[in-house]
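Participant:
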Amino acid sequence: MKALPLSAGALPAVASTTVRRVRSVRGVAVAFWWVLSIGCFAGLWEAAWAVGWADPLLLPPPHIFLAHFSDQAQAFSSSDVIGEVSTDSAYLALLTTIVASSLRVIAGLALGFTCSVGMGLLIRYFKPFGNITLPTITLLAPISPIAWLPVAIFIFGIGNPPAIFMVFISLFFVMTLSTISQIDAVSRTYLNVGAIMGASRRQLFLHVIIPAILPSLFMTLRMNLFGAWMVVLVAEATGVGSGLGQIVMLARNTFNSSLSFFTMTLIGLVGFLFDVALRQIQNRVLFWVPPSAVGRL
């Protein structure tokens, strides 16, 4: 029996099905390696406890600090006063604490990304402005974000602003210098081709330079995401309000190692979810970049 050729309309459907199948297989493979990696780490930890190498009071294995989830959640409070007992349910207080830290990170990253990219563009396209500001930015860039904590408290006092400012600072200088570097690295060939085709300076900026620098800027943002979580936890530990950093300090002050590792697990999980969300945004925004180049889990 002679096979009938596929119609032109069927070809896109077949290609779409194939792409979805490949992505599904790839997703399963990635999930497998993630589970295997974390399982091996937890298994080694459990083995160290089983043979007596790890003191359960100092280094409790995962089955200990994760088994009593409801008990650990009792330590969380929606109050801004560390150690104060909340009248809310333990799970609601836990969720409130996670959301408080997450919103500070999101606000700081959004402000830092917007202001730093804008600053980098101004420095490169307005020479007098760049001559005045770039030396100062280069001088301040090596300073650790943690060193800015007293300044943040002096200026903003106690509350959300100093924590958001810390996240902002952790990204601003690095992203500004990265923006300048990426603008300088745009291929002259792209600009020449655009000029030959009659593109105006505005069109070159919007349709050549911005698409050329965005992939690297997103990578810089992702690289600084985890640093943002580090500095917001330090800021919260100083008493800016309810947050995961505050719980870490409570665990330290009460020498509660189980609570400490439980909170560290939450921080790692939330940070991982942030990275997944940022990758999805990256894939949507950089629609012209192949998925393999954008990166995958």
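Take the sequence shown: its letters are residues 1 to 297, numbered as in the UniProt record's numbering.
For glycine and all other residues, C-beta sits at the position ideal for the given N, C-alpha and C.
Tell me which residues share the same chain as Leu259 and place their Cβ nearer than 8 Å to its Cβ, disregarding the 5 neighbours each side in the sequence.
Facilitator: Here residue 259 corresponds to residue number 259 of the sequence shown, with the count starting at 1. Cβ within range, chain order: Phe65, Gln72, Ala75, Ile247, Leu250 and Ala251.
Participant: With the cut-off set at 9 Å, would you say Ala170 and Pro142 are in Cβ contact?
Facilitator: Here residue 170 refers to the residue found at position 170 when the sequence shown is read from its first residue. Here residue 142 refers to the residue found at position 142 when the sequence shown is read from its first residue. According to the sequence displayed, residue 170 carries Ser and not Ala. No. Outside cutoff.
Participant: Over what stretch of residues does the alpha helix (DSSP H) that includes Ile153 continue unbroken?
Facilitator: Your numbering for residue 153 matches position 153 in the sequence shown. Leu149 to Phe156 is the span of the alpha helix (DSSP H), which, as asked, contains Ile153.
Participant: Restricting to runs no shorter than 4 residues, where is the alpha helix (DSSP H) found entirely within the stretch 74 to 143?
Facilitator: 90 to 125 and 127 to 140
Participant: List the endpoints of the continuous alpha helix (DSSP H) containing His63.
Facilitator: Locating residue 63 in the sequence shown gives position 63, where the first residue counts as 1. Boundaries of the alpha helix (DSSP H) around His63: Pro62 to Phe65.
Participant: Do the CB positions of Ala54 and Pro61 come within less than 9 Å of each other?
Facilitator: As a first step, residue 54 must be located in the sequence shown, where it is residue number 54. As a first step, residue 61 must be located in the sequence shown, where it is residue number 61. Contact annotation: Ala54 and Pro61 have beta-carbon atoms nearer than 9 Å.
Participant: Taking the continuous alpha helix (DSSP H) assigned at Ser200, which residues delimit it?
Facilitator: Locating residue 200 in the sequence shown gives position 200, counting from the first residue. Element bounds for Ser200: n/a, residue is neither H nor E.
Participant: For Phe113, which residues of its own chain have a beta-carbon under 7 Å away from its beta-carbon, when the five flanking residues on both sides are left out?
Facilitator: One-based indexing of the sequence shown puts residue 113 at position 113. Excluding positions up to five away in sequence, the list reads Leu171, Met175 and Leu221.
Participant: Pick out the complete alpha helix (DSSP H) segments inside the stretch 199 to 240, 4 residues or longer, and give them in chain order.
Facilitator: 201 to 204 and 210 to 237
Participant: Please list, in chain order, all residues of the same chain as Cys115 whose beta carbon is under 7 Å from its beta carbon, the five residues on each side excluded.
Facilitator: Translated into the one-based positions of the sequence shown, residue 115 becomes position 115. Excluding residues within five positions, the ones whose Cβ falls inside 7 Å are Phe172.
Participant: Just to confirm, is the Cβ distance from Ala212 to Gln182 under 9 Å?
Facilitator: Within the sequence shown, residue 212 is the residue found at index 212, counting from 1. Within the sequence shown, residue 182 is the residue found at index 182, counting from 1. Contact flag set, yes.
Participant: Take Val285 and list the residues in its own chain whose beta-carbon comes closer than 8 Å to its own, dropping the five residues that flank it on each side.
Facilitator: Sequence index remark: in the sequence shown, residue 285 carries index 285 (1-based). Taken in chain order, the residues that qualify are Leu214 and Phe218.
Participant: Looking only at C-alpha atoms, which of Leu95, Tyr190, Pro290 and Thr189 sits nearest to Ile267?
Facilitator: What you label residue 267 is simply residue 267 of the sequence shown in a count that begins at 1. When only C-alpha atoms are compared, the closest one is Leu95.
Participant: Straight-line CA distance for Ser102 to Thr263?
Facilitator: For the purposes of this step, residue 102 is identified with residue 102 of the sequence shown, where counting begins at 1. For the purposes of this step, residue 263 is identified with residue 263 of the sequence shown, where counting begins at 1. Looking at the two C-alpha atoms, the distance is approximately 14 Å.
Participant: For a test of the three-state rule: what should DSSP assign to Asp55, helix, strand or coil?
Facilitator: Working through the sequence shown from its first residue, we reach residue 55 at position 55. Coil.
Participant: Please name the residue, chosen from Pro162, Ala185, Gly159 and Ile137, that lies closest to Leu177 on a Cα-to-Cα basis.
Facilitator: Here residue 177 corresponds to residue number 177 of the sequence shown, with the count starting at 1. Considering only alpha carbons, the answer is Ile137.
Participant: Could you name the residues of the same chain whose beta carbon sits closer than 8 Å to that of Val208, not counting the 5 residues immediately before and after it, in chain order?
Facilitator: Indexing the sequence shown from 1 puts residue 208 at position 208. Only Val186, Tyr190, Leu191, Gly194 and Ala199 meet the Cβ criterion.
Participant: Relative to the ligand ZN, is the shortest distance from any of its heavy atoms to the C-beta of Asn256 smaller than 8 Å?
Facilitator: Summarising the ligand content, the structure contains no ligands, and the ligand ZN is consequently not present.
Participant: For Ile153, collect the residues of the same chain with a Cβ closer than 8 Å to its Cβ; drop the 5 residues on either side in sequence, then sort them by chain order.
Facilitator: Here residue 153 corresponds to residue number 153 of the sequence shown, with the count starting at 1. Excluding residues within five positions, the ones whose Cβ falls inside 8 Å are Pro162 and Thr238.
Participant: Under the three-state reduction of DSSP, which class applies to Ser258: helix, strand or coil?
Facilitator: For the purposes of this step, residue 258 is taken as the residue at position 258 of the sequence shown. Ser258 falls in the helix class under three-state DSSP.
Participant: Which same chain residues end up closer than 7 Å to Pro290 when comparing Cβ atoms and leaving out the 5 residues on each side of it in sequence?
Facilitator: For the purposes of this step, residue 290 is taken as residue 290 along the sequence shown, with counting starting at 1. Result list for Pro290: empty, nothing under 7 Å.
Participant: Between the Cα of Thr265 and those of Leu121, Gly245 and Phe255, spot the shortest distance and give me the residue it belongs to.
Facilitator: Along the sequence shown, one-based indexing puts residue 265 at 265. Nearest option by C-alpha distance: Gly245.
Participant: Beta-carbon within less than 6 Å of Ala48's beta-carbon, same chain only, minus the 5 sequence neighbours each way: which residues are those?
Facilitator: Counting from 1 along the sequence shown, the entry for residue 48 is found at position 48. Contacts found: Ala54.
Participant: For Met166, count neighbouring C-beta atoms within 10 Å of its own C-beta (all shown protein chains included) and say buried if the count is 16 or more, exposed if not.
Facilitator: As a working mapping, residue 166 is identified with position 166 in the sequence shown. Answer is buried; the Cβ neighbour count reaches 16.
Participant: Let's test the definition: count the other Cβ atoms within 10 Å of the Cβ of Val276 and tell me whether it reaches 16, buried, or not, exposed.
Facilitator: Against the sequence shown, residue 276 aligns to sequence position 276. Val276 is exposed by the Cβ-count criterion.
Participant: Is Val232 closer than 9 Å to His105 when the C-beta atoms are compared?
Facilitator: The count along the sequence shown starts at 1 and reaches residue 105 at position 105. The count along the sequence shown starts at 1 and reaches residue 232 at position 232. It should be noted that the sequence gives Val, not His, for residue 105. Result yes, Cβ atoms of Val105 and Val232 sit closer than 9 Å.
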